[in-house]
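Structure first, commentary second.
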Amino acid sequence: MLGSFWNIVSENPIELYTAIIATVGVACWYVDRRSMKTALNAARNHELVALRLKSQESKTRVERSLAALQTKSELARNHWQSHRFRNGPLLGSGFHVSEEDKKISYAARTGGQLFNKLNATMPEPHCVEVAKFEIYISAADRASIQIDNLAAQLSDPQLLRH
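All residue numbers for the sequence shown refer to our numbering, where the first residue is 531 and numbers rise by one.
Structure, rendered in structure tokens:
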């Protein structure tokens, strides 16, 4: 059998070289394909890590906005209470809740609801879907802006002239 192989090789050396080159080409293609798959997986993992980090940064930004809103709400509430204490209640106001207190409570409650709704949509740590992270990041940016707008709407008391 080995003798017939060498007879074929000696009679057709070009076919042997062609077979060797084709085999080397297939081997190179296989190695290249494996390295491309490895590089693709590494790139995908890198993108997911970057998106996880960016989603955490977005969540932190929303938490800061909420903390600022809560601080500003408490300060506004204290300012209005001291303002009413210094100036006395308006005639006919009785025991009802003032419009300012309603605005402050609405802003604080809405900010908390926005934050809770955002937390409910946060992708799981083992999630591998890029779209979910992108949706969460854009929702977090919107929530942060809305909470900042709520904080900007809170006003300090104006001096009343009796």
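The C-beta atom is built at its ideal place from N, Cα and C for all residues, glycine as well.
Spatial neighbours of residue i in its chain, beta-carbon cut-off 8 Å, leaving aside the 5 residues before and after
i	result
PRO655	ARG582
SER585	MET652, PRO653, PHE663, TYR666, ILE667 and ALA670
VAL660	GLU577, LEU578 and LEU581
ILE551	none
ALA637	LEU599, SER603, LEU680, ALA681, GLN683 and LEU684
ARG564	none
As assigned by DSSP and simplified to three states, the class of residue i
i	result
THR548	helix
HIS692	Low per-residue confidence applies at HIS692: pLDDT is 47, beneath 50, and the placement is therefore not dependable enough to give any value.
ASN649	helix
GLU659	coil
SER565	helix
ASN608	helix
SER628	coil
HIS542	One detail in the question is off: residue 542 reads as Asn in this sequence, not His. ASN542: coil per DSSP, three-state reduction.
SER685	coil
GLU664	helix
SER674	helix
GLU654	coil
Expected contact under 8 Å - CB spacing of residue i and residue j to nearest Å
i	j	result
LEU578	VAL658	6 Å
ILE677	SER588	The pair is not a contact, with the Cβ atoms about 12 Å apart (cut-off 8 Å).
TRP610	GLU630	5 Å
Same chain only: Cβ atoms within 6 Å of residue i, ignoring 5 sequence neighbours per side
i	result
ALA673	VAL592, LEU644 and LEU648
GLU568	Sequence inspection shows Thr at residue 568; the Glu mentioned does not correspond to that position. Within the same chain, THR568 has no close Cβ partners at all.
C-beta atoms of residue i and residue j nearer than 7 Å
i	j	result
ALA681	LEU599	yes
ALA597	LEU684	no
SER612	ILE634	no
The stretch 624–643 / the stretch 552–568 touching (three or more Cβ pairs under 8 Å): no
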